[in-house]
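To start, the structure under review is shown below, and the notes come after it.
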Amino acid sequence: MDTKVYIASQNQNNQEFNSFIEGLKQGGFSPLEATKEINDEDLYFLDLSNVSLKELEENYPWLKEELLRSSIYHLRILPLFIYDSRKEDPFEKWEEGANEIYESLFSEEFKAFAYDISNPSYANEELKRVLSLYYVR
Numbered sequence: 007m008d009t010k011v012y013i014a015s016q017n018q019n020n021q022e023f024n025s026f027i028e029g030l031k032q033g034g035f036s037p038l039e040a041t042k043e044i045n046d047e048d049l050y051f052l053d054l055s056n057v058s059l060k061e062l063e064e065n066y067p068w069l070k071e072e073l074l075r076s077s078i079y080h081l082r083i084l085p086l087f088i089y090d091s092r093k094e095d096p097f098e099k100w101e102e103g104a105n106e107i108y109e110s111l112f113s114e115e116f117k118a119f120a121y122d123i124s125n126p127s128y129a130n131e132e133l134k135r136v137l138s139l140y141y142v143r
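Going by the working numbering, the sequence shown wraps up at 143, each residue one higher than the last.
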């Protein structure tokens, strides 16, 4: 059975995002668009790639409130950024803006996940490991 995940992203129309979604599907995930407030039983990925904090707050008004009430024992939102290791260095991509959004929204209990679309099988393996350790009850 596929793992259902909700994706909050402003990048639905770019090629990297489409490759990310395809990679998730190959890894046994069932990605859906996050369009509503968070359900405590669901898992959410927040894409920090190519977006501003203002855009995220405008498009996902529930985000700040959810982050305030989260605790380390029940994480529901995984911050991530998408990159292609054939074209870019993940640390440079992180420094392009994802780090500022991360520092504004998340506490130390959250760790951002870097999803490499050039190697989805490895990215999915790592993603499943992270989810099993910190996100899935």
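All C-beta atoms in this analysis are idealised placements derived from N, C-alpha and C, irrespective of residue type, glycine included.
Predicted model only: the values in this text are computed from it and were never measured.
Please classify Ile83: does DSSP put it in a helix, a strand, or coil? strand
With DSSP as the reference, label Ile78 as helix, strand or coil. In this prediction, Ile78 scores a pLDDT of 49, lower than 50, which makes its location untrustworthy; no coordinate-derived value is stated.
Helix, strand or coil for Tyr108? Go by DSSP, reduced to three states. helix
Three CB pairs or more closer than 8 Å across the region 94–108 and the region 11–23: no
Is it buried or exposed, Phe97, if we count other Cβ atoms within 10 angstroms and call 16 or more buried? exposed
Three Cβ pairs or more, each shorter than 8 Å: is that satisfied between the region 50–69 and the region 84–95? yes
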